[in-house]
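A.B. asks: Position 69 (the sequence shown) corresponds to 148 in the working numbering; numbering is contiguous. Built from N, CA and C at the ideal position, the CB exists for glycine as well. Keep in mind it's a predicted model, so treat the numbers as computed, not measured. Can you keep this structure in mind? I'll have questions shortly.
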Amino acid sequence: MTRNLLGFSTAIFAGPSPYEELIFDRVFCHGLMEHLIDPVPAMRELLRVLKPGGVIGVSSPVWGGFVLAPLSDTLRMAIETYTTLQMSNGGDVHVGRNL
Numbered sequence: 080m081t082r083n084l085l086g087f088s089t090a091i092f093a094g095p096s097p098y099e100e101l102i103f104d105r106v107f108c109h110g111l112m113e114h115l116i117d118p119v120p121a122m123r124e125l126l127r128v129l130k131p132g133g134v135i136g137v138s139s140p141v142w143g144g145f146v147l148a149p150l151s152d153t154l155r156m157a158i159e160t161y162t163t164l165q166m167s168n169g170g171d172v173h174v175g176r177n178l
């Protein structure tokens with residue numbers, strides 16, 4: 080699914096994108112890598128559609144790096160539960176440290 084918005088094309092896809100090679104000047108990926116078992120194919124796909132000299136931006140959170148206040152036992156338990164769920168599904172809540 081794609082749509083044009085103020086000169087931007089946004090896409091939601093899983094697997095190879097429908098775009099031709101070397102088509103975009105800039106590619107931005109936000110909040111995806113931490114959900115993937117292996118983020119390398121997604122990064123390769125971003126590079127595949129990027130024109131030579133283009134710019135890639137990737138943003139991915141690093142759990143444990145958030146400042147939450149006031150921190151409560153309930154909030155701490157919610158974060159631990161989410162972290163456990165994400166990791167058990169093959170994601171990596173710390174992938175942002177490796178990008």
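1. Do V141 and G170 have their C-beta atoms within less than 7 Å of each other?
2. For P118, which residues from the same chain have a beta carbon less than 7 Å from its beta carbon, with the 5 sequence-adjacent residues on both sides left out?
3. By the three-class DSSP mapping on this structure, what secondary structure does S167 have?
4. When the Cβ atoms of the segment 116-130 are set against those of the segment 142-161, are three or more pairs found closer than 8 Å?
5. Tell me the start and end of each unbroken beta strand (DSSP E) in the segment 113-154 that is at least 3 residues and wholly inside, in chain order.
6. Below 6 Å CB to CB, which residues in the same chain sit around H114 once its five sequence neighbours on both sides are set aside?
7. Checking 7 Å against the spacing of the C-beta atoms, do T163 and V172 come in under that value?
8. Distance, Cα to Cα, L84 vs R123?
9. Among the residues of its own chain, which have a CB less than 6 Å from the CB of G143, if the five just before and after it don't count?
10. Please report how far the alpha carbon of P149 lies from the alpha carbon of P95, in whole angstroms.
C.D. replies: Reading off the structure:
1. Taking the sequence shown and counting its residues from 1, one reaches residue 141 at position 62. Taking the sequence shown and counting its residues from 1, one reaches residue 170 at position 91. No, the pair does not count as a contact, with Cβ atoms beyond the cut-off.
2. Translated into positions along the sequence shown, residue 118 becomes position 39. Counting only Cβ-Cβ distances below 7 Å, and skipping sequence neighbours, we find M112, V174.
3. In the sequence shown, counting from the first residue as 1, residue 167 sits at position 88. In the structure shown, S167 sits in a helix (DSSP, three-state: H, G or I).
4. Touching, no.
5. List check, beta strand (DSSP E) in window: 129-138.
6. By 1-based counting over the sequence shown, the position of residue 114 is 35. G170, listed in sequence order.
7. If you number the sequence shown from 1, residue 163 lands on position 84. If you number the sequence shown from 1, residue 172 lands on position 93. Not a contact, by the Cβ cut-off of 7 Å.
8. As a working note, residue 84 is residue 5 in the sequence shown. As a working note, residue 123 is residue 44 in the sequence shown. Low per-residue confidence applies at L84: pLDDT is 48, beneath 50, and the placement is therefore not dependable enough to give any value.
9. To locate residue 143, count along the sequence shown from 1; it is residue 64. Answer for G143: no residue qualifies.
10. Taking the first residue of the sequence shown as position 1, residue 149 is located at position 70. Taking the first residue of the sequence shown as position 1, residue 95 is located at position 16. Looking at the backbone, the Cα of P149 and that of P95 are separated by about 42 Å.
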